[in-house]
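The next block holds one structure in the form of structure tokens; read it before the comments.
Chains as they are written, first to last, in the working numbering: chain A, 1 to 409; chain B, 410 to 818.
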């Protein structure tokens with residue numbers, strides 16, 4: 001049986017968090033200097049573990065078995081959200097590395113090939129899930145050429161050029177080369193912690209639908225324009241936000257979540273009635289039927305709000321990710337390993353967050369494992385997980401990988 | 410009787426709009442190159458009109474009579490809001506210049522001294538009403554040293570240095586030197602146009618109270634955090650906006666106005682529950698008692714919202730301008746002139762906007778005249794006024810100035 005090295009895993013995880021260290025977390029945006037240093041360091045570690053390392057044209061880092069043979073892909077994304085946690089993405093990447101090392105060192109596992117991987121830009125500094133989408137052939141060059149950094153507007157092409165990736169080919173999946181894909185991730189919620197469980201076996205990943213909603217009012221002077229004649233786009237946005245808060249609980253399901261992440265009033269000056277308001281809104285649910293119901297409710301509310309406030313609205317759906325089911329046999333392998341190492345402390349659960357696994361699942365059998373997040377905190381530099389839980393998750397995933405690969409051979 | 414030169418007035422107004430021309434309006438932020446060019450051009454015109462021109466340490470441009478004698482100050486502010494109209498401020502500045510020229514050319518007005526003035530930063534790129542406040546001694550060096558540009562953060566000190574104003578003294582009012590102050594301005598609302606009037610005789614200027622309201626929620630992942638445990642600061646902000654929309658009409662008066670000009674959700678990413686929301690909110694009313702009532706209602710609503718949403722709130726009042734009454738004899742002089750040039754087409758009215766006149770009124774007798782704004786549009790580059798109305802307003806102000814100065818001598 002593959003026995004991971006807990007001390008090595010923890011010290012390498014902490015080493016990796018030095019790339020872009022920020023408070024107790026990291027600030028390692030995709031293609032930043034820190035991100036590219038971390039990817040080159042990973043490539044070196046893959047080589048040192050006896051693998052053939054390769055960084056492709058969007059920054060995905062692959063470690064392939066020498067000699068080439070069918071293998072199990074294990075990883076996650078290497079970059080972080082801005083000023084965010086040290087484990088989001090990095091955990092799955094370092095599990096991949098540790099499991100590859102462990103298998104290489106374990107004579108009994110000699111025939112079983114692990115291919116660790118670190119995807120690029122799952123967090124969407126340029127394009128959400130860019131690396132895995134590129135790998136399965138779900139993005140074309142035109143979309144890459146159009147993309148810009150959502151925070152500062154730098155074109156993706158320029159970022160790739162600066163990262164030394166211009167002209168490097170993008171690696172495309174050859175499905176017959178892979179047994180499948182495993183990804184570990186922190187839960188990013190409080191379900192495990194609250195229920196006293198240590199391992200989450202992911203059953204499915206929710207669909208995420210995202211919208212840009214724009215209300216157009218009449219920009220005017222905030223002192224001289226009587227209340228009766230105003231068309232205030234900001235009031236329209238607030239009206240919609242409250243209408244959603246009122247209506248969505250009635251059409252949603254217990255697992256549904258919805259969020260207005262940004263409201264931009266234009267021109268945004270204290271003495272000017274906003275002439276335009278833009279909202280970034282999203283919802284998620286594991287069921288397609290529920291997603292469609294929420295979509296219909298949202299469009300109805302936007303229309304009602306436009307009529308009620310006299311501010312015409314435009315609504316554009318910018319993401320429409322389908323809910324996705326994890327491979328049943330892979331789930332069983334993870335559950336079996338969890339039962340061995342954490343008896344009675346594991347649970348099947350959906351993922352409320354998007355992950356590269358949902359993309360890769362379009363081409364390969366795929367599954368995910370969650371470890372607890374302390375206080376459910378995520379996308380913040382205070383994100384953390386107990387060392388013992390970090391070690392346990394990696395051992396469970398290693399066992400599952402062995403089961404899956406032995407089942408293949 | 411002073412007879413203004415309509416062709417000269419219009420062509421000089423249009424010339425002035427070339428400093429920072431933007432679409433059919435202007436973009437002439439305080440201390441920008443265009444703003445400083447316009448101020449130096451004004452100083453040259455003041456000199457050419459036989460006056461002693463002077464740009465003081467905050468950029469106020471004065472034209473003082475030669476030889477020094479008691480005079481009537483006439484002007485407004487020379488800079489514009491960002492990408493805004495060509496008349497806001499510029500109108501009153503050019504009326505001052507035209508009336509000074511007219512008086513200098515009219516033998517009958519030989520003894521009557523006009524001092525045109527162009528204030529700096531009424532629009533508050535750095536500090537609202539900076540120039541007039543500096544003139545009446547209502548701002549100290551410490552406040553100037555602390556101030557930064559509200560749009561891009563450049564310290565005011567650096568802006569003054571770049572504008573060539575470092576070390577130049579600020580001119581302080583000597584009240585005995587001035588008969589008083591007149592300011593003309595576009596109405597920035599639709600009262601005149603809607604009622605078919607051509608001249609507004611301003612009775613008083615509303616008080617403007619402004620607030621920064623911050624809600625603190627818990628920043629977390631928008632996919633994995635159950636709705637039931639969220640503390641969403643953005644939802645708190647929308648809740649407050651709707652509570653204001655519901656409650657304020659019940660405690661306000663017909664002249665009251667209130668506006669949320671900006672909402673900032675932090676971090677402002679689509680997949681992160683906002684951990685912080687900041688609202689810029691203001692209200693205005695001509696009566697102190699009403700302002701105090703609105704202030705109390707706002708604080709109550711903020712507290713209620715914090716309790717209801719579980720997001721603690723902080724509220725800071727950043728401006729608390731007192732309502733101000735215009736000088737009755739000056740009002741009468743403007744009204745008398747309006748009756749002569751626009752019989753039956755003038756009206757007494759309050760100003761819903763802030764103006765330098767409310768600051769200057771703290772030290773000198775002051776009054777204001779409004780001309781119509783087409784469609785009530787203001788703080789937008791489409792702002793405009795009919796040529797005939799521009800000419801009429803200047804002639805009425807010139808007549809009023811004569812009446813006021815003759816009453817003095």
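Virtual Cβ for every residue (Gly too), placed ideally from N, Cα, C.
Quiz item: residue 645 of chain B CB to nearest chain A CB: under 8 Å?
Solution: For the purposes of this step, residue 645 of chain B is identified with residue 236 of the second chain, where counting begins at 1. Taking Cβ atoms only, chain A never reaches closer than 8 Å to residue 645 of chain B, which makes this a no.
Quiz prompt | For residue 745 of chain B, the three-state DSSP class (helix, strand or coil) | solution = Here residue 745 of chain B refers to the residue found at position 336 of the second chain. The answer is helix: DSSP assigns residue 745 of chain B an H, G or I state.
Quiz item: residue 399 of chain A and residue 337 of chain A look like a contact to me (Cβ under 8 Å); what is the Cβ gap, rounded to whole Å?
Solution: Indexing the first chain from 1 puts residue 399 of chain A at position 399. Indexing the first chain from 1 puts residue 337 of chain A at position 337. Right, their Cβ atoms sit about 4 Å apart.
Practice problem: Leaving out five residues on either side along the sequence, give the residues of the same chain with a beta carbon under 6 Å from the beta carbon of residue 587 of chain B. | Solution: In the second chain, counting from the first residue as 1, residue 587 of chain B sits at position 178. The answer, listed in chain order, is 482, 773.
Exercise. Go ahead and pull the three-state DSSP assignment for residue 200 of chain A.
Key: Translated into the one-based positions of the first chain, residue 200 of chain A becomes position 200. Looking at residue 200 of chain A - three-state DSSP - the assignment turns out to be strand.
Quiz item: Is the number of C-beta pairs between the stretch 119 to 134 of chain A and the stretch 419 to 437 of chain B that are closer than 8 Å three or more?
Solution: no
Exercise. Report the neighbours of residue 651 of chain B on chain A: residues whose CB is nearer than 9 Å to its CB, in chain order.
Key: Working through the second chain from its first residue, we reach residue 651 of chain B at position 242. Correct list: 235, 238, 239, 241, 242.
Exercise. List the residues that DSSP assigns as beta-bridge partners of residue 480 of chain B.
Key: The residue given as residue 480 of chain B occupies position 71 in the second chain. Bridge partners of residue 480 of chain B: B:587.
Quiz item: Which first and last residues belong to the beta strand (DSSP E) in which residue 413 of chain A is found?
Solution: As shown, chain A starts at 1 and ends at 409. That puts residue 413 of chain A outside it, with no answer to give.
Quiz item: Applying a beta-carbon distance threshold of less than 7 Å, which residues of chain A neighbour residue 631 of chain B?
Solution: Indexing the second chain from 1 puts residue 631 of chain B at position 222. Chain A residues near residue 631 of chain B: 257, 259, 261, 282.
Quiz item: Straight-line CA distance for residue 65 of chain A to residue 298 of chain A?
Solution: Position 65 of the first chain holds residue 65 of chain A. Position 298 of the first chain holds residue 298 of chain A. Cα to Cα, residue 65 of chain A sits roughly 49 Å from residue 298 of chain A.
Quiz item: Can you tell me the Cα-Cα spacing of residue 286 of chain A and residue 247 of chain A, whole angstroms?
Solution: Within the first chain, residue 286 of chain A is the residue found at index 286, counting from 1. Within the first chain, residue 247 of chain A is the residue found at index 247, counting from 1. So the alpha carbons of these two residues sit roughly 19 Å apart.
Exercise. Determine which residues of the stretch 527 to 558 of chain B have a Cβ less than 9 Å from any Cβ of chain A, and write them out in chain order.
Key: 532, 533, 537
Quiz item: By Cβ distance, which residues of its chain are closer than 7 Å to residue 641 of chain B, with the 5 residues on each side in sequence left out?
Solution: Here residue 641 of chain B is taken as the residue at index 232 of the second chain, counted from 1. The residues are 626, 682, 683.
Quiz prompt | Neighbour-count burial assignment, residue 433 of chain B, 16 or more Cβ in a 10 Å radius | solution = Along the second chain, one-based indexing puts residue 433 of chain B at 24. Exposed.
Exercise. Determine the DSSP secondary structure at residue 635 of chain B, reduced to helix, strand or coil.
Key: Here the question's residue 635 of chain B lines up with position 226 in the second chain. Of the three classes helix, strand and coil, the one that applies to residue 635 of chain B here is coil, per DSSP.
Quiz item: Hey, out of A:392, A:375, A:379, whose CA is closest to residue 193 of chain A's CA?
Solution: The sequence position of residue 193 of chain A within the first chain is 193, counting from 1. Closest option to residue 193 of chain A, Cα to Cα, is A:375.
Exercise. If I'm right that residue 452 of chain B touches residue 467 of chain B with Cβ under 8 Å, what's the distance once you round it to whole angstroms?
Key: On the second chain, residue 452 of chain B is found 43 positions in, with the first residue counted as 1. On the second chain, residue 467 of chain B is found 58 positions in, with the first residue counted as 1. That belief does not hold up - the Cβ atoms of residue 452 of chain B and residue 467 of chain B are roughly 15 Å apart, past 8 Å.
Quiz item: Beta carbon of residue 697 of chain B, beta carbon of residue 616 of chain B: below 8 Å?
Solution: Here residue 697 of chain B refers to the residue found at position 288 when the second chain is read from its first residue. Here residue 616 of chain B refers to the residue found at position 207 when the second chain is read from its first residue. Yes, the pair counts as a contact, with Cβ atoms nearer than the cut-off.
Quiz item: Roughly how many angstroms separate the alpha carbons of residue 522 of chain B and residue 458 of chain B, rounded to a whole number?
Solution: Against the second chain, residue 522 of chain B aligns to sequence position 113. Against the second chain, residue 458 of chain B aligns to sequence position 49. Going from the Cα of residue 522 of chain B to the Cα of residue 458 of chain B covers about 12 Å.
Quiz item: Residues of chain B with CB under 8 Å from residue 206 of chain A, in chain order?
Solution: In the first chain, the residue the question calls residue 206 of chain A occupies position 206. The contacting residues are 632.
Quiz item: So is residue 758 of chain B in contact with chain A if we call contact Cβ pairs under 8 Å?
Solution: The residue labelled residue 758 of chain B in the question sits at position 349 within the second chain. No, residue 758 of chain B lies away from the interface with chain A (no Cβ there is under 8 Å from its Cβ).
Practice problem: Only counting runs of 3 or more residues, tell me where the beta strand (DSSP E) segments fall wholly within the stretch 102 to 126 of chain A, in order along the chain. | Solution: 114 to 119
Self-check item: Residues that residue 674 of chain B contacts on chain A, provided the C-beta gap is smaller than 8 Å
Solution: One-based indexing of the second chain puts residue 674 of chain B at position 265. By Cβ distance, chain A contributes 260, 261, 262, 263.
Quiz item: How many Å lie between residue 508 of chain B and residue 472 of chain B at the Cα?
Solution: By 1-based counting over the second chain, the position of residue 508 of chain B is 99. By 1-based counting over the second chain, the position of residue 472 of chain B is 63. The straight-line gap from Cα to Cα measures roughly 12 Å.
Practice problem: Evaluate the contact criterion for the stretch 512 to 528 of chain B versus the stretch 727 to 747 of chain B: three or more CB pairs, one atom per stretch, below 8 Å. | Solution: no
Quiz item: Would DSSP call residue 206 of chain A helix, strand or coil?
Solution: Numbered from its first residue, the first chain carries residue 206 of chain A at position 206. It is coil, neither helix nor strand.
Exercise. Just list the beta strand (DSSP E) runs in the stretch 232 to 281 of chain A, keeping only unbroken ones of 3 residues or longer that don't cross its boundaries, in chain order.
Key: 257 to 266
Quiz prompt | Host alpha helix (DSSP H) of residue 191 of chain A (start-end) | solution = As a working note, residue 191 of chain A is residue 191 in the first chain. It spans 191 to 195 - the alpha helix (DSSP H) in which residue 191 of chain A sits, taken as one unbroken run.
Self-check item: Chain-ordered neighbours of residue 377 of chain A on chain B, where CB pairs are closer than 9 Å
Solution: As a first step, residue 377 of chain A is located in the first chain; it is residue number 377 there, counting from the start. Ordered by position in chain B, the residues that pass the 9 Å Cβ test against residue 377 of chain A are 627, 628, 629, 630.
Exercise. Return the Cβ separation of residue 405 of chain A and residue 182 of chain A in integer angstroms, given the expectation that the two are a contact with Cβ distance under 8 Å.
Key: As a first step, residue 405 of chain A must be located in the first chain, where it is residue number 405. As a first step, residue 182 of chain A must be located in the first chain, where it is residue number 182. Contact flag wrong, Cβ pair sits at about 10 Å.
Exercise. Given a cut-off of 8 Å, decide if residue 213 of chain A and residue 147 of chain A are closer than it, judged by their beta-carbon atoms.
Key: Start at 1 with the first residue of the first chain, and residue 147 of chain A comes out as number 147. Start at 1 with the first residue of the first chain, and residue 213 of chain A comes out as number 213. Contact: no.
Exercise. Evaluate contact between the stretch 644 to 664 of chain B and the stretch 708 to 716 of chain B, counting only Cβ atoms and requiring at least three cross-stretch pairs below 8 Å.
Key: yes
Quiz item: Going by DSSP, what residues sit across from residue 155 of chain A in a beta bridge?
Solution: As a working mapping, residue 155 of chain A is identified with position 155 in the first chain. Bridge partners of residue 155 of chain A: A:148.
Quiz item: Going by DSSP, what residues sit across from residue 622 of chain B in a beta bridge?
Solution: For the purposes of this step, residue 622 of chain B is taken as the residue at position 213 of the second chain. BP columns for residue 622 of chain B point to B:688, B:724.
Self-check item: Chain-order list of residues whose beta-carbon lies under 7 Å from that of residue 702 of chain B (same chain, five-residue window excluded)
Solution: In the second chain, the residue the question calls residue 702 of chain B occupies position 293. Result list for residue 702 of chain B: 660, in chain order.
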